[in-house]
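Dropping the structure here:
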């Protein structure tokens with residue numbers, strides 16, 4: 044009885060019935076979840092750089108500019124690099140200071156990736172439809188495309 048209650052859909056390319064969850068990749072533990080885990084790992088790994096970048100953008104300057112020279116030898120003041128900001132934060136606040144706000148960033152990355160995957164599975168990829176089952180412009184010959192263009196723009200006098 045449990046097997047009969049499973050929802051199946053028939054694929055248009057073959058006559059065999061495919062379980063709905065398998066067709067929509069809901070049970071793909073290797074590919075999808077591995078991809079999400081990788082995305083979250085990368086988001087966590089680059090968080091200190093993003094955090095330092097944000098501090099630089101908002102003008103937080105705890106490190107004084109240092110004297111330097113341009114390529115042509117003119118004296119200038121150089122601002123600290125991202126690596127110097129990361130080192131400063133690590134010295135003052137430790138590893139926890141570097142990862143301040145990482146939880147929100149990782150959660151946002153997970154939600155963004157999940158929504159993207161769900162939407163991309165629902166929307167058709169690379170195939171335009173007109174909503175009324177007419178062929179997409181890529182499926183038409185050059186003559187049919189010209190006719191459709193004139194029909195859609197209302198210039199029927201030019202079509203002979």
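In my numbering, the protein residues as written are 44 to 203. Idealized CB from N, CA, C, for every residue including glycine. Keep in mind that this is a model prediction, so the values were computed, not measured.
Residue environment: residue 91 is assigned as buried (16 or more neighbouring CB atoms within 10 Å of its CB, all protein chains considered). Residue 149: not part of any beta strand (DSSP E); member of the alpha helix (DSSP H) spanning 145–165, first to last residue. Leaving aside the five residues that flank residue 82 on each side, the residues in its chain whose CB is nearer than 8 Å to its CB run, in chain order, 152, 153 and 156. DSSP places residue 119 in no alpha helix (DSSP H) but in the uninterrupted beta strand (DSSP E) bounded by 118–121. DSSP places residue 110 inside the beta strand (DSSP E), whose first and last residues are 109–112. Using a C-beta cut-off of 8 Å, the stretch 93–105 makes contact with the stretch 120–132, since at least three inter-stretch Cβ pairs fall below that distance. The alpha carbon of residue 111 has as its nearest neighbour, out of 103, 121, 104 and 105, the alpha carbon of 121.
Looking only at 87, 132, 77 and 118, the smallest Cα-Cα distance to residue 103 is reached by 132.
Nearest to residue 105 by alpha-carbon distance, out of 114, 124 and 194, is 124.
Annotation for residue 186: the continuous alpha helix (DSSP H) segment containing it runs 185–196. Within the same chain, Cβ atoms closer than 8 Å to the Cβ of residue 183 are found at 191, the five residues on either side in sequence being excluded. Cβ neighbours of residue 87 within its own chain (closer than 7 Å, five residues either side excluded): 145 and 149.
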